[in-house]
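Visitor: Starting off with a structure, shown below.
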Amino acid sequence: MNKETELKRAKRTALCMLLGAAIVFVITIFSPRSFWMDGLKAISEAAMVGALADWFAVVALFRRVPIPFVSRHTAIIPRNKDKIAENLATFVKEKFLHPLSIVELIRKHDPAKAIAGWLTEPGNAERIAHHMATLIRTILDLTDDRRIQSFMKNAIDVIIDKVDLSSSVATVLDNLTKDGRHQELLDQGVGLIIKQLDTPATRLLISEQIVAWLKREHPIKEKVLPTEWLGENLSNQIASAVNMVLDDIVEDKGHKFRKGFDDVLERLIQQLKNDPNMASKAEEIKQYLKNDQALNTYVKELWDDLRDWLKRDLDRKGSVLHEKIAATGQWISQALGKDAELRASLNQHMERAAKTMAPDFSEFLTRHIRDTVKSWEAQDMSRQIELNIGKDLQFIRINGTLVGGLIGLILYFCSQIPHVLQLLAK
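All letters in the sequence shown, in the order written, are residues -17 to 408 by this note's numbering.
See the structure below:
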């Protein structure tokens, strides 16, 4: 049953009671007078008075009642629509959205503890994960790929612009050269080269290059000489010679190569720090990176790949993202449940956020309520209020009829007391 049907039914009930009282009143007028008949007449009179008075009170709220001298005090809701809008907005702002009220609410209910308890209950973390996954999936469907790609490109460009490439590289190299750490890196690099030279694959590659060189540069000698043998032996000799040099560098901490390596790095660091040409080249590199087609294409494809992966993951049953969100919810519940200081800190952050955000939010919401109510047609607003509370207001009419009849009965009995006393006195 909808609200309009319920309202009509309540109105019919109130009207039927009024008509019932009127019928009884008419019957008593044409009936012979008696103690009980007069009492019934008094009850029906009072019931009609109560019913009509309350009918007027209820109807006057929503409609104009054309009665001289009192009609200006009817249609109260339509006539005071703007005032209702102002008062309603002020009431919501002062009683519900005042910063101190919200802070007191936070302190009273300890939302951090409530969140921890709710997430601890079975299925709630999964429920949160499901809703979050659905939200992310919807956002991915609604996003404009070109705008996202443009945003990512602009973000990367901003990052590149903010980076002082020459100074950053100089700082990195400066830190690497402290305490001889760059020499440790050199030792590791040399060790990797020695290890690589000792592999059969590397020596075979050197041998093949020697043979190819002989065939290209000395084709006649290549036909006479044992090129395969020469290639194999020369590759071994070259690898051994290079290994000897590299072993010397590793074993001799004062080797010329090490000193040269120190000098090269030091000059490079100073150039990066002080040389305008080096700074200009660094800016050219930054511009190249910003305008490089390959990098721009990679950024676009990166978003496409990320979006497609997220969609595929969210669509499958054992979604990694879903599991991670659920695990995060469980971890939050455990952390908040065990750490009282963390809960207190979270509540304090909520209080500060409420104090900061509540004034602006309350101003926005109250302005929205005020403007929305003012924009309504007076009759439409009155009708909506009547549909929502009119059923209960009809009970005022019903109760007025009943209470009026009861008061009429009491007054009738009171009026008969002197007559009863006279009879007793005789």
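Every residue, glycine too, gets a C-beta built ideally from N, C-alpha and C. A quick note: this is a predicted structure, and the numbers were derived from the prediction, not measured.
Assuming N69 is part of the alpha helix (DSSP H), what are its boundary residues?
Guide: N69 -> alpha helix (DSSP H) spans 63 to 77.
Visitor: Mind listing, in chain order, the continuous beta strand (DSSP E) runs of no fewer than 3 residues lying wholly within the region 190 to 247?
Guide: Entirely contained in the region 190 to 247, not one beta strand (DSSP E) run reaches 3 residues.
Visitor: Check whether the region 367 to 375 touches the region 109 to 125, taking contact to mean three or more Cβ pairs, one atom from each stretch, closer than 8 Å.
Guide: no
Visitor: Using a Cβ-Cβ cutoff of less than 8 Å, which residues in the same chain neighbour G173 once the five nearest sequence positions on both sides are dropped?
Guide: V232
Visitor: Cβ of L43 within 7 Å of Cβ of I58?
Guide: Inclusion of L43 and I58 in the CB contact set at 7 Å is warranted, their separation being smaller than that value.
Visitor: Report the rounded CA-to-CA distance for L296 versus A107, giving the unit in angstroms.
Guide: Taking the straight line joining both Cα atoms gives about 16 Å.
Visitor: Count the CB pairs spanning the region 370 to 388 and the region 93 to 102 that are closer than 8 Å, and state whether there are at least three.
Guide: Verdict: no, contact absent.
Visitor: Is the beta carbon of D156 less than 7 Å from the beta carbon of I251?
Guide: yes
Visitor: With burial defined as no fewer than 16 other Cβ atoms inside 10 Å of the residue's Cβ, what is the status of V402: buried or exposed?
Guide: exposed
Visitor: Would you mind working out which of V8, E359, G32 sits nearest D64, comparing C-alpha positions?
Guide: E359
Visitor: For H113, collect the residues of the same chain with a Cβ closer than 6 Å to its Cβ; drop the 5 residues on either side in sequence, then sort them by chain order.
Guide: none
Visitor: Within the same chain, show all residues whose beta-carbon is closer than 8 Å to that of Q361, passing over the 5 residues directly before and after it, in chain order.
Guide: P60
Visitor: Assuming contact is defined by CB atoms lying nearer than 7 Å, are S344 and L87 in contact in what I supplied?
Guide: Not closer than 7 Å, so no.
Visitor: Near H55, what residues of its chain come up, given a Cβ to Cβ distance below 8 Å and the 5 sequence neighbours on each side ignored?
Guide: A42
Visitor: Identify every run of the alpha helix (DSSP H) within the region 278 to 310, keeping only runs that are complete inside it and at least 4 residues long; order them along the chain.
Guide: DSSP runs (the alpha helix (DSSP H)) wholly in the region 278 to 310: none.
Visitor: Who are the Cβ neighbours of E214 in its own chain at under 7 Å, not counting the five residues just before and after it?
Guide: S189
Visitor: Are the region 316 to 330 and the region 135 to 154 in contact at 8 Å, needing three or more beta carbon pairs?
Guide: no
Visitor: So what's N157 in DSSP terms, helix, strand or just coil?
Guide: In this structure, N157 counts as helix in the three-state DSSP scheme.
Visitor: Does DSSP put D20 in a helix, a strand or coil?
Guide: When secondary structure is reduced to three states using DSSP, D20 falls in the helix class.
Visitor: Please tell me whether D36 and G387 are closer than 7 Å, where the distance is taken between their beta carbons.
Guide: no
Visitor: Check whether the Cβ atoms of P81 and A276 lie closer than 7 Å to each other.
Guide: no
Visitor: With 16 other CB atoms within 10 Å as the buried threshold, where does K75 fall?
Guide: buried
Visitor: Taking only the alpha-carbon atoms, compute the straight-line gap between Q312 and K241 and give it to the nearest angstrom.
Guide: Taking the straight line from one Cα to the other gives about 57 Å.
Visitor: I'd like the list of long-range same chain contacts for A(-4), defined as Cβ closer than 6 Å, with 5 residues on each side in sequence excluded.
Guide: Q376, R379, I380
Visitor: Give me, in chain order, the residues of the same chain whose beta-carbon lies closer than 8 Å to that of R89; leave out the 5 immediate sequence neighbours on both sides.
Guide: N329, E333
Visitor: Pairs of beta-carbons, one from the region 213 to 227 and one from the region 168 to 186, closer than 8 Å: are there three or more?
Guide: yes
Visitor: Between the alpha carbons of P201 and Q191, how many angstroms are there, rounded?
Guide: 14 Å
Visitor: Can you tell me the Cα-Cα spacing of L101 and A152, whole angstroms?
Guide: 49 Å
Visitor: Are there 16 or more other CB atoms within 10 angstroms of the CB of R166, so buried, or fewer, so exposed?
Guide: In the sequence as presented, Arg is not what sits at residue 166; that position holds Glu. By the 10 Å Cβ count, E166 comes out exposed.
Visitor: Do you know how far the Cα of E(-14) is from the Cα of V6?
Guide: 30 Å
Visitor: Taking a contact to mean a Cβ-Cβ separation below 7 Å, would you say A71 touches R352 in this structure?
Guide: Taking C-beta atoms as the reference points, A71 and R352 count as a pair closer than 7 Å.
Visitor: If S148 sits next to M260, beta carbons under 8 Å apart, how far is it from one beta carbon to the other, in whole angstroms?
Guide: 5 Å
Visitor: Residue range of the alpha helix (DSSP H) that R128 falls in?
Guide: 127 to 144
Visitor: Determine, using beta carbons only, whether V385 and G105 come nearer to each other than 7 Å.
Guide: no
Visitor: Give the C-beta separation of L(-11) and G372 to the nearest angstrom, bearing in mind that I take them to be a contact with Cβ-Cβ under 8 Å.
Guide: Cβ-Cβ separation between L(-11) and G372: approximately 5 Å, consistent with a contact (criterion under 8 Å).
Visitor: Under a three-way DSSP split, which group does E103 fall into?
Guide: coil
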